[in-house]
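Below is one structure, written out as structure tokens; comments come after it.
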Amino acid sequence: MRRFEILEPKSIAEACKILAAEEDVKLIAGGTALLILIKQGIFVPKTLINLKKIKDAGEITYNSNDGLRIGGLASIYDVESAAVVREHYPLLAEACHVVANIRIRNMATIAGNLAHADYQSDPPAALVALDASVELTNRNRVRSVKLADFLIGMYETGLERDELLTGLLVPPPPPNSKGTYLKFATRSSEDRPCAGVAALVQRSNGICQAARVVVGAVSPVPVVVTGADLVNGTAMTSESIEEIASKAQAAVNPIDDLRGTVAYKRHLVKVLVRRALTACLNEEGTR
Ligand SMILES: Cc1cc2nc3c(=O)[nH]c(=O)nc-3n(C[C@H](O)[C@H](O)[C@H](O)COP(=O)(O)OP(=O)(O)OC[C@H]3O[C@@H](n4cnc5c(N)ncnc54)[C@H](O)[C@@H]3O)c2cc1C
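The opening residue of the sequence shown carries number 9 in the working numbering; numbering runs sequentially from there.
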């Protein structure tokens, strides 16, 4: 049996104080990732800091000037079901909705998902497409970092030892934009993604003003497809969608793992980008 002490701070400030003072500690939120690692003996912390007793740290608020703020302790289900997320950021709601199953989504927090930084995850690609930032808090200050810069590598982030991920900030969505997230899982419908694609297209009177495509789950961090803006100022056609899909395929350097080979994932990326961009043009599709 593994023995550890559990501390239960009641505020972010108290959690930061413990984190700064204790050496052999680990934060725990939903526990869906960390407990597996503890059981496998990968981490054997002396002390766990349970964040779930902190009140009001998972609030989700929106205003049209600043956009969305998601408290780090919001569960993935809280995010997918929040009315403001569904209305203004359906791309994010979709990416959260396809995570695992309802039991995991109820326990797992959005901050835990990002701090754990497993490359086979769904929300990061959608959040990078939406240009989200993370809010990082320690005893002395709060700083904000673009999620694309925060995610450094496989299980590697810009989180410092004394910091908590206390929130996510998502700017207001571009006007007249539609986004979609497509996930492909190879082992079961509840499994982690083999590949995931987030696409966000801004259009006015049939003319594309901006297109952003982010490929998740195939490389250590989400890959922003450069060159997706080739459609800016044009009516997007199936030919230009095909060109972006080819660029995406060339941009990724997939990891060979039990969910798929390099060649399979490359093929998948092209198919998913084509489908995601086509869905963004479809008036019946998701926003
Ligand atoms: C069966 C199963 C299926 C899954 N399927 C998917 C899937 O399809 N798609 C997908 O995206 N994910 C999937 N996941 C991963 C799941 O989304 C993550 O395990 C979960 O989001 C982690 O959140 P948590 O609150 O449980 O984190 P925890 O397990 O509590 O913590 C994870 C890590 O984050 C750190 N941490 C937690 N909160 C904070 C914080 N506020 N500040 C700083 N560090 C923090 C912890 O110290 C730990 O290192 C799956 C997991 C399981 C078990």
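Even glycine gets a Cβ: it sits at the ideal position worked out from N, Cα and C.
{"Query": "From Leu45, Glu143, Ser185 and Ile110, residue whose alpha carbon lies closest to that of Gly214", "Result": "Ser185"}
{"Query": "Distance cut-off 7 Å: Thr40 Cβ against heavy atoms of ligand 1", "Result": "yes"}
{"Query": "Where Ser89 falls: helix, strand or coil (DSSP)", "Result": "helix"}
{"Query": "Contact belief for Leu81 with Lys60 at Cβ below 8 Å, rounded distance in angstroms", "Result": "7 Å"}
{"Query": "Straight-line gap, Ile26 to Arg149 (C-alpha atoms, nearest Å)", "Result": "15 Å"}
{"Query": "Proximity test, Lys34 beta-carbon vs ligand 1 heavy atom, cut-off 7 Å", "Result": "yes"}
{"Query": "For Val153, three-class secondary structure by DSSP", "Result": "strand"}
{"Query": "Assigned secondary structure, Thr286 (DSSP; H/G/I helix, E/B strand, else coil)", "Result": "helix"}
{"Query": "Inter-residue Cα distance where the pair is Cys24 and Ala90", "Result": "28 Å"}
{"Query": "Contact between the region 92 to 101 and the region 109 to 116 (3+ Cβ pairs under 8 Å)", "Result": "no"}
{"Query": "Environment of Lys18 [buried if 16+ CB atoms lie within 10 Å]", "Result": "exposed"}
{"Query": "Given Val231 as reference, the closest of Gly79, Leu76 and Gln257 once Cα atoms are compared", "Result": "Gln257"}
{"Query": "Chain-order list of residues whose beta-carbon lies under 6 Å from that of Val205 (same chain, five-residue window excluded)", "Result": "Leu190, Val223, Leu280, Val281 and Ala284"}
{"Query": "Option nearest Arg94 by Cα separation, candidates Pro181, Arg211 and Leu35", "Result": "Pro181"}
{"Query": "8 Å Cβ shell around Ser152 - same chain, five flanking residues per side excluded", "Result": "Ser141, Val142, Glu143, Leu144 and Leu177"}
{"Query": "Contact with chain C by Gly241, beta-carbon distance below 8 Å", "Result": "Any reference to chain C falls outside this structure, which holds one protein chain only."}
{"Query": "Proximity test, Ala29 beta-carbon vs ligand 1 heavy atom, cut-off 7 Å", "Result": "no"}
{"Query": "Which of helix, strand or coil DSSP assigns to Val281", "Result": "helix"}
{"Query": "Backbone secondary structure at Glu292 - three-state DSSP", "Result": "Per-residue confidence for Glu292 stands at a pLDDT of 45, beneath the threshold of 50, marking its modelled position as unreliable; the derived number appears in the next sentence. The answer is coil: DSSP assigns Glu292 none of H, G, I, E or B."}
{"Query": "Simplified DSSP assignment, three categories, for Glu164", "Result": "strand"}
{"Query": "The region 193 to 213 touching the region 121 to 130, judged by at least three CB pairs closer than 8 Å", "Result": "yes"}
{"Query": "Contact set for Ala65: own chain, Cβ-Cβ below 8 Å, skip 5 residues either direction", "Result": "Ile20, Leu59, Gly79, Gly80, Leu81 and Thr174"}
{"Query": "Span of the beta strand (DSSP E), counted from its first residue to its last, around Cys216", "Result": "Ile215 to Gly224"}
{"Query": "Residues near Ala259 by beta carbon distance below 6 Å, same chain, minus five either side", "Result": "Val231 and Val233"}
{"Query": "Close beta carbons around Arg77, own chain, < 6 Å, minus the five adjacent residues each side", "Result": "Thr69, Gly175 and Leu177"}
{"Query": "Rounded straight-line distance, which links the Cα of Ala243 to that of Met162", "Result": "37 Å"}
{"Query": "For Ser192: DSSP bridge partner residues", "Result": "For the record, residue 192 in the displayed sequence is Phe; it is not Ser. Ala203, per the DSSP bridge assignment."}
{"Query": "Val178 - containing beta strand (DSSP E), residue span", "Result": "Leu172 to Val178"}
{"Query": "8 Å Cβ cutoff met for Val221 and Ala207", "Result": "yes"}
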